[in-house]
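Participant: Position 137, counted from 1, in the sequence shown is what the numbering used here calls 678; the numbers after and before it change by one each time, with no gaps. Cβ atoms here follow ideal geometry from the backbone N, Cα and C, with glycine treated the same way. Just so you know, these numbers come straight off a predicted model, no measurement behind them.
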Amino acid sequence: MKKYYKTIKFVFVSATFGLILSSFTSCGKKDVNSPGFEFMPDMYRSPSLEVYSVHTIDGDTLDNAMQPVKGTVARGYLPYAYPNTAEGYDQAGLNLHNPFSSQKEVFEKEGEVLYGKFCVHCHGGTGAGDGKVGGKLPGPPPAYDGALKNLPEGKIFHTLTYGKGTMGSHSSQLTQEERWKLVFYVQKLQGPKESTSDSTKTVAAVTPTVTAKH
Ligand code: HEC
Numbered sequence: 542m543k544k545y546y547k548t549i550k551f552v553f554v555s556a557t558f559g560l561i562l563s564s565f566t567s568c569g570k571k572d573v574n575s576p577g578f579e580f581m582p583d584m585y586r587s588p589s590l591e592v593y594s595v596h597t598i599d600g601d602t603l604d605n606a607m608q609p610v611k612g613t614v615a616r617g618y619l620p621y622a623y624p625n626t627a628e629g630y631d632q633a634g635l636n637l638h639n640p641f642s643s644q645k646e647v648f649e650k651e652g653e654v655l656y657g658k659f660c661v662h663c664h665g666g667t668g669a670g671d672g673k674v675g676g677k678l679p680g681p682p683p684a685y686d687g688a689l690k691n692l693p694e695g696k697i698f699h700t701l702t703y704g705k706g707t708m709g710s711h712s713s714q715l716t717q718e719e720r721w722k723l724v725f726y727v728q729k730l731q732g733p734k735e736s737t738s739d740s741t742k743t744v745a746a747v748t749p750t751v752t753a754k755h
């Protein structure tokens, strides 16, 4: 009997330990993500804020970090004043001029490189509108040195910014500076302007509307 007593005691003690151990390990089984017991958790969790969401801290609502602070202009970004309307297009043709005229020579060359990447497939190497894609469009692009010969620089820039007809906007692919580089190169392809310029015609067409408003 004594022999059995030792064995029973051993079984009893190990069962008790086993129970205690399993009661520890089974803690937190309900929620697998639970870190379990935390001792003095004051600094374990910092109140981290998601950057691109709106937060309210002490009653103040903080704007989404994607929005620029009101009344400010983001670095490297120039606001474009002309709206995407027929009037905005005409006004750009009248009043918008290339701010990089002093860098014309260099910018024209850089514009040529950009043209080869972004425009040539529609407008063709000489700007005749005979690019591989351009020829397949329902209305192929007009020739720069033909119908578009006297198109003013402001309108070229406006079209690059917003797009026109089947030509999409290029403002997400090209910075404003790059668009002005392309304007120089398009002007090179337009060749010398004819005496009756498009802008003169536009002045006659647009000025009365503007005067009538004031
Ligand atoms: C998907 C083909 C396509 C691409 C790419 C394209 N264009 Fe055009 N583009 C056209 C078509 C079509 C027109 C004629 C739009 C109209 O008048 O309806 C046009 C018109 C123009 C005009 C005349 C705009 C006006 O005010 O009448 C200019 C300037 C021009 N494109 C320059 C460019 C430049 C520079 C690029 C390269 C950044 C470019 N295009 C890329 C198809 C394209």
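So, for Lys645: in the same chain, excluding its five sequence neighbours on each side, which residues have a beta-carbon less than 7 Å away from its beta-carbon?
Facilitator: As a working note, residue 645 is residue 104 in the sequence shown. Excluding positions up to five away in sequence, the list reads Phe725.
Participant: So what does DSSP say about Asp631, is it helix, strand or coil?
Facilitator: The count along the sequence shown starts at 1 and reaches residue 631 at position 90. If DSSP states are grouped into helix, strand and coil, Asp631 belongs with the helices.
Participant: With a threshold of 7 Å (Cβ to nearest heavy atom), would Leu522 be considered close to the ligand HEC?
Facilitator: No answer is possible for residue 522: it lies beyond the span of the chain, which begins at 542 and ends at 755.
Participant: Suppose you measure from the CA of Asn639 to the CA of Asn605; what does that come to, to the nearest Å?
Facilitator: Position 98 of the sequence shown, counted from the start, is the residue given in the question as residue 639. Position 64 of the sequence shown, counted from the start, is the residue given in the question as residue 605. Each residue's alpha carbon lies about 34 Å from the other.
Participant: Mind checking Val610: buried by the 16 CB within 10 Å criterion, or exposed?
Facilitator: Residue mapping note: residue 610 aligns to position 69 of the sequence shown, counting from 1. Its Cβ having fewer than 16 others within 10 Å, Val610 is exposed.
Participant: Using CA coordinates, which residue listed in Asp686, His699, Ile598 is at the minimum distance from Arg720?
Facilitator: Taking the first residue of the sequence shown as position 1, residue 720 is located at position 179. The shortest Cα separation from Arg720 among Asp686, His699, Ile598 belongs to His699.
Participant: Are the region 592-607 and the region 674-684 touching, with three or more C-beta to C-beta distances below 8 Å?
Facilitator: Contact between the region 592-607 and the region 674-684 is absent, because fewer than three Cβ pairs lie under 8 Å.
Participant: Decide if Val592 is buried, meaning its Cβ has at least 16 other Cβ atoms within 10 Å, or exposed.
Facilitator: Here residue 592 corresponds to residue number 51 of the sequence shown, with the count starting at 1. Classification for Val592: exposed.
Participant: Quick check on the DSSP output: the alpha helix (DSSP H) that includes Leu730 runs from which residue to which?
Facilitator: If you number the sequence shown from 1, residue 730 lands on position 189. Taken as a continuous stretch (DSSP letters only), the alpha helix (DSSP H) holding Leu730 covers 717-731.
Participant: Just to check, is the beta-carbon of Leu723 closer than 7 Å to a non-hydrogen atom of the ligand SAH?
Facilitator: Looking at this structure, you won't find the ligand SAH anywhere; what it does contain is the ligand HEC.
Participant: Tell me where the beta strand (DSSP E) around Leu637 begins and ends.
Facilitator: Reading the sequence shown from its first residue, position 96 is the one you call residue 637. Looking at the DSSP string, Leu637 is not in any beta strand (DSSP E), and its letter there is neither H nor E.
Participant: By Cβ distance, which residues of its chain are closer than 7 Å to Tyr546, with the 5 residues on each side in sequence left out?
Facilitator: On the sequence shown, position 5 is the one that residue 546 refers to. Closer than 7 Å at the Cβ level, and outside the excluded window around Tyr546, lies no residue.
Participant: Is Lys696 near the ligand HEC, going by C-beta to nearest heavy atom under 7 Å?
Facilitator: Taking the sequence shown and counting its residues from 1, one reaches residue 696 at position 155. Flag set: Cβ of Lys696 near the ligand HEC.
Participant: Is DSSP giving Met584 helix, strand or coil here?
Facilitator: Position 43 of the sequence shown, counted from the start, is the residue given in the question as residue 584. Here Met584 sits in helix by DSSP.
Participant: Are there 16 or more other CB atoms within 10 angstroms of the CB of Gln714, so buried, or fewer, so exposed?
Facilitator: In the sequence shown, residue 714 corresponds to position 173, counting from 1. Flag for Gln714 reads exposed.
Participant: Is the separation between the beta-carbon of Leu723 and that of Gly668 shorter than 8 Å?
Facilitator: Locating residue 723 in the sequence shown gives position 182, counting from the first residue. Locating residue 668 in the sequence shown gives position 127, counting from the first residue. For Leu723 and Gly668, no; Cβs fall outside 8 Å.
Participant: Taking buried to mean at least 16 other C-beta atoms within 10 Å of its own C-beta, is Gly652 buried or exposed?
Facilitator: Sequence index remark: in the sequence shown, residue 652 carries index 111 (1-based). Buried: at least 16 other Cβ atoms inside 10 Å.
Participant: Report yes if the C-beta distance between Tyr621 and Gln632 is below 8 Å; otherwise report no.
Facilitator: The residue you call residue 621 lines up with position 80 of the sequence shown. The residue you call residue 632 lines up with position 91 of the sequence shown. Not a contact, by the Cβ cut-off of 8 Å.
Participant: So who's on the other strand from Asp601, going by DSSP bridges?
Facilitator: As a working mapping, residue 601 is identified with position 60 in the sequence shown. DSSP, once it has assigned bridges, lists Ile598 as partnering Asp601.
Participant: Given this structure, state the Cα-to-Cα distance separating Phe659 from Asn574, to the nearest angstrom.
Facilitator: What you label residue 659 is simply residue 118 of the sequence shown in a count that begins at 1. What you label residue 574 is simply residue 33 of the sequence shown in a count that begins at 1. C-alpha separation (whole angstroms): 51 Å.
Participant: Runs of 4 residues minimum, wholly inside the region 640-687: which ones carry the alpha helix (DSSP H) assignment?
Facilitator: Those alpha helix (DSSP H) runs which fall completely within the region 640-687 and span 4+ residues are 645-659, 661-664.
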